[in-house]
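Protein sequences, first through last, are from chains A and B. Residue numbers for the first sequence follow this note's numbering, so the first one is 14 and each next one is one higher. Residue numbers for the second sequence follow this note's numbering, so the first one is 228 and each next one is one higher.
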Amino acid sequence: MDLFTSAPILILIIVCVGLLYWLSYRVRSGRGVNLRPLNGYIALKAQRAKSVETGRGVHFSVGRANLSGSSSPTSIAALSALDYIAADACASDVPPLTTTGDGTLLLAAQDSLRAAYNVAGRQHDYSPRIAQYLAAENQPMTFAAGTSDIVNRGEVGSNLMIGRFGAELAIVTESAERGDMEQVIGSDDPTAMALAVLATDKVLLGEEVFASGAYLHGEPVQLASIQLQDILRVLAIAGILLATLFYLVVG
Amino acid sequence: MRNLRRSVPMALAVGCGLLTLLGLMFIPELGDALTTWASFLAAMALLVGVVNLLSVHMRRLLKGNAYSGLLVISILAIFALALTDFFELTTGGVSTAFGLVQAPLEAAMASLLVFFLLFAGFRLFRRQRNGWSVLFIVTATVILLGSTLLPEALSGIFGQASRFLSDVFVGGGMRGLLIGISIGTIAVALRVLTGSARPYDK
Numbered sequence: 014m015d016l017f018t019s020a021p022i023l024i025l026i027i028v029c030v031g032l033l034y035w036l037s038y039r040v041r042s043g044r045g046v047n048l049r050p051l052n053g054y055i056a057l058k059a060q061r062a063k064s065v066e067t068g069r070g071v072h073f074s075v076g077r078a079n080l081s082g083s084s085s086p087t088s089i090a091a092l093s094a095l096d097y098i099a100a101d102a103c104a105s106d107v108p109p110l111t112t113t114g115d116g117t118l119l120l121a122a123q124d125s126l127r128a129a130y131n132v133a134g135r136q137h138d139y140s141p142r143i144a145q146y147l148a149a150e151n152q153p154m155t156f157a158a159g160t161s162d163i164v165n166r167g168e169v170g171s172n173l174m175i176g177r178f179g180a181e182l183a184i185v186t187e188s189a190e191r192g193d194m195e196q197v198i199g200s201d202d203p204t205a206m207a208l209a210v211l212a213t214d215k216v217l218l219g220e221e222v223f224a225s226g227a228y229l230h231g232e233p234v235q236l237a238s239i240q241l242q243d244i245l246r247v248l249a250i251a252g253i254l255l256a257t258l259f260y261l262v263v264g
Numbered sequence: 228m229r230n231l232r233r234s235v236p237m238a239l240a241v242g243c244g245l246l247t248l249l250g251l252m253f254i255p256e257l258g259d260a261l262t263t264w265a266s267f268l269a270a271m272a273l274l275v276g277v278v279n280l281l282s283v284h285m286r287r288l289l290k291g292n293a294y295s296g297l298l299v300i301s302i303l304a305i306f307a308l309a310l311t312d313f314f315e316l317t318t319g320g321v322s323t324a325f326g327l328v329q330a331p332l333e334a335a336m337a338s339l340l341v342f343f344l345l346f347a348g349f350r351l352f353r354r355q356r357n358g359w360s361v362l363f364i365v366t367a368t369v370i371l372l373g374s375t376l377l378p379e380a381l382s383g384i385f386g387q388a389s390r391f392l393s394d395v396f397v398g399g400g401m402r403g404l405l406i407g408i409s410i411g412t413i414a415v416a417l418r419v420l421t422g423s424a425r426p427y428d429k
């Protein structure tokens with residue numbers, strides 16, 4: 014990358030970081046953030062409560078995107094949702110049966126579950142086998158077969174999948190549907206998004222996945238991050254409109 | 228001590244993140260070196276994943292699950308093949324096993340996808356009988372007819388309609404979604420870079 018390309022990107026990053034800190038400060042000083050209700054997160058909260066009440070665990074898949082690649086933000090958002098589900102579930106000894114198709118995500122998911130057990134004061138009940146690695150990132154159908162088996166075993170009451178998935182999602186959601194399970198699906202992959210809509214109306218589409226921290230944990234910096242996304246979105250729309258106008262007028 | 232336990236990983240993560248970012252922009256060698264280290268760690272994590280898989284299925288095997296037994300035997304057999312390949316007792320053993328077993332199984336499952344999609348589409352219509360479901364069915368029908376062998380007059384109409392739907396509505400919607408995803412990615416990445424999001428420190 015030459016200096017002429019790098020410098021504007023660096024300036025944009027610095028401006029965005031500045032905005033993030035300023036927005037966090039505003040949220041901390043009491044300026045509320047209105048979050049529109051999202052079906053996916055409402056259902057996720059309901060599933061957490063249901064799992065604790067009924068004593069029947071949930072299946073939670075954090076996807077197949079590794080933490081060292083370009084899709085890592087999706088996986089980080091998925092881990093944030095897992096933290097939320099694991100907090101109460103591990104305290105009630107109905108840990109979410111967690112699956113993944115990537116080694117780095119396996120370690121992060123195990124860390125999340127271990128932390129939930131630690132907070133609940135039940136360190137001795139933790140087992141690294143609660144989080145399961147199923148297949149390598151480049152073997153989506155093997156991952157689907159493994160996940161379907163777990164969903165079909167009758168050990169879980171609902172199927173929650175947030176992260177990077179592809180077309181293999183259809184096989185897993187079909188298995189969950191046959192087991193008459195509630196499902197919440199979130200993905201940033203266009204194919205998976207289309208398939209998720211076919212399977213359930215509790216979906217998190219695209220950018221909604223990245224809002225997991227704000228919706229589930231509600232920390233100031235996460236809420237500020239949602240506001241930053243809104244600002245960037247408005248700028249992107251303005252840019253598209255201006256470019257279109259320029260094209261129409263100048264040609 | 229607790230503060231140190233939290234701040235050291237954060238300093239490492241933020242430092243490495245910033246160095247990689249600056250490296251990729253100004254010193255490509257540095258950026259490449261850091262991403263290579265990350266890839267190496269990811270490969271080690273894959274090994275941890277395989278051990279986890281083996282451990283889960285060994286436990287299930289002890290409870291009498293035959294399929295888990297099959298999986299454990301397969302892992303051990305592939306490991307043995309990798310060893311014999313390494314010591315040049317066999318040639319291409321792992322890739323032959325992959326080509327004869329894994330690839331056909333993956334392909335067979337992928338070919339089943341169309342039936343799963345058909346069922347899912349039908350179920351959507353049964354679950355939500357509203358305008359959106361009708362729109363989905365009509366769109367799916369037009370796209371399917373647009374790529375089917377039909378008499379010339381019909382194939383022209385459906386082909387054009389299918390192209391129009393794909394280029395205008397699907398293309399436009401997809402770009403909107405991708406722009407949203409990019410913005411979300413930037414927001415999460417900035418939180419990690421500034422140490423506000425710490426997935427490595429629970």
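C-beta: ideal position from N, C-alpha, C; glycine also.
From the DSSP output, read off the bridge partner residues of residue i.
{"i": "Gly-175/A", "result": "Note that residue 175/A corresponds to Ile in the displayed sequence, not to Gly. DSSP output for Ile-175/A lists Gly-199/A as bridge partner(s)."}
{"i": "Gln-136/A", "result": "In DSSP, Gln-136/A forms no bridge with anything."}
Keeping to the same chain, check which residues put their C-beta closer than 6 Å to that of residue i; ignore five residues upstream and five downstream.
{"i": "Gly-226/A", "result": "Ser-93 and Gln-235"}
{"i": "Gly-264/A", "result": "none"}
{"i": "Ala-102/A", "result": "Ser-64, Pro-108 and Pro-109"}
Grouping DSSP H, G and I as helix and E and B as strand, with all else coil, what is residue i?
{"i": "Gly-73/A", "result": "The sequence given here places Phe at residue 73/A; Gly does not occur at that position. DSSP places Phe-73/A in strand when its eight states are reduced to three."}
{"i": "Thr-317/B", "result": "coil"}
{"i": "Thr-375/B", "result": "coil"}
{"i": "Gly-167/A", "result": "coil"}
{"i": "Leu-80/A", "result": "coil"}
{"i": "Gln-145/A", "result": "strand"}
{"i": "Tyr-97/A", "result": "helix"}
{"i": "Gly-45/A", "result": "coil"}
{"i": "Asp-162/A", "result": "helix"}
{"i": "Val-107/A", "result": "coil"}
{"i": "Pro-426/B", "result": "coil"}
{"i": "Thr-366/B", "result": "helix"}
{"i": "Gln-387/B", "result": "helix"}
{"i": "Glu-150/A", "result": "coil"}
{"i": "Met-237/B", "result": "helix"}
{"i": "Met-206/A", "result": "helix"}
So the candidates are the options; which of them puts its Cα closest to the Cα of residue i?
{"i": "Phe-325/B", "options": "Gly-296/B, Phe-306/B, Met-285/B and Phe-314/B", "result": "Phe-306/B"}
{"i": "His-72/A", "options": "Ser-171/A, Gly-192/A, Ser-83/A and Thr-18/A", "result": "Ser-171/A"}
{"i": "Tyr-34/A", "options": "Ala-237/A, Ala-249/A and Ala-251/A", "result": "Ala-237/A"}
{"i": "His-284/B", "options": "Ala-272/B, Leu-297/B and Leu-273/B", "result": "Leu-297/B"}
{"i": "Ala-100/A", "options": "Gly-179/A, Leu-51/A, Val-132/A and Ala-148/A", "result": "Val-132/A"}
{"i": "Phe-391/B", "options": "Thr-247/B, Ala-330/B, Leu-404/B and Gly-373/B", "result": "Gly-373/B"}
{"i": "Ser-282/B", "options": "Glu-168/A, Ser-140/A, Thr-257/A and Leu-218/A", "result": "Ser-140/A"}
{"i": "Gln-145/A", "options": "Asp-138/A, Thr-155/A, Ala-129/A and Ala-122/A", "result": "Ala-122/A"}
{"i": "Asn-151/A", "options": "Arg-177/A, Arg-142/A, Arg-166/A and Glu-168/A", "result": "Arg-177/A"}
{"i": "Glu-187/A", "options": "Ala-380/B, Val-419/B, Gly-358/B and Phe-349/B", "result": "Phe-349/B"}
{"i": "Phe-253/B", "options": "Leu-95/A, Thr-18/A and Ser-74/A", "result": "Thr-18/A"}
{"i": "Thr-204/A", "options": "Gly-219/A, Arg-246/A, Gly-114/A and Phe-156/A", "result": "Gly-219/A"}
{"i": "Glu-232/A", "options": "Val-30/A, Ala-20/A, Val-40/A and Asp-15/A", "result": "Val-40/A"}
{"i": "Val-210/A", "options": "Thr-421/B, Gly-386/B and Phe-352/B", "result": "Phe-352/B"}
{"i": "Leu-249/B", "options": "Asp-15/A, Gly-31/A and Val-247/A", "result": "Asp-15/A"}
{"i": "Ser-83/A", "options": "Ala-240/B, Tyr-427/B, Val-415/B and Leu-274/B", "result": "Val-415/B"}
{"i": "Glu-168/A", "options": "Tyr-260/A, Glu-190/A, Gly-68/A and Gln-60/A", "result": "Gly-68/A"}
{"i": "Ala-272/B", "options": "Ala-91/A, Ala-149/A and Leu-95/A", "result": "Ala-149/A"}
Mind checking which residues open and close the alpha helix (DSSP H) that includes residue i?
{"i": "Val-234/A", "result": "233–263"}
{"i": "Tyr-34/A", "result": "16–41"}
{"i": "Gln-60/A", "result": "52–67"}
{"i": "Thr-262/B", "result": "255–289"}
{"i": "Arg-418/B", "result": "398–420"}
{"i": "Glu-187/A", "result": "182–191"}
{"i": "Leu-392/B", "result": "Run containing Leu-392/B: none; DSSP gives neither H nor E here."}
{"i": "Glu-333/B", "result": "330–354"}
{"i": "Gly-226/A", "result": "225–229"}
Between which two residues does the beta strand (DSSP E) holding residue i run?
{"i": "Val-216/A", "result": "216–218"}
{"i": "Thr-117/A", "result": "Element bounds for Thr-117/A: not the beta strand (DSSP E) but the alpha helix (DSSP H), 116–132."}
{"i": "Leu-110/A", "result": "110–113"}
By Cβ distance below 8 Å, which residues in the same chain neighbour residue i in space, the five residues on each side in sequence not counted?
{"i": "Leu-239/A", "result": "Residue 239/A is actually Ile in this sequence, not Leu. Correct list, in chain order: Val-46, Leu-48, Ala-224 and Ala-227."}
{"i": "Met-154/A", "result": "Glu-181 and Ile-184"}
{"i": "Gly-319/B", "result": "Asp-312"}
Tell me which same chain residues have a C-beta within less than 7 Å of the C-beta of residue i, skipping the five on either side of it?
{"i": "Leu-246/B", "result": "Leu-257 and Leu-261"}
{"i": "Ser-161/A", "result": "Ile-184, Val-185 and Ser-188"}
{"i": "Ser-105/A", "result": "Val-65"}
{"i": "Gln-136/A", "result": "Tyr-130"}
Indicate, with yes or no, if the ligand PLP has a heavy atom lying under 7 Å from the CB of residue i.
{"i": "Thr-117/A", "result": "Of ligands this structure carries none, so the ligand PLP is not represented either."}
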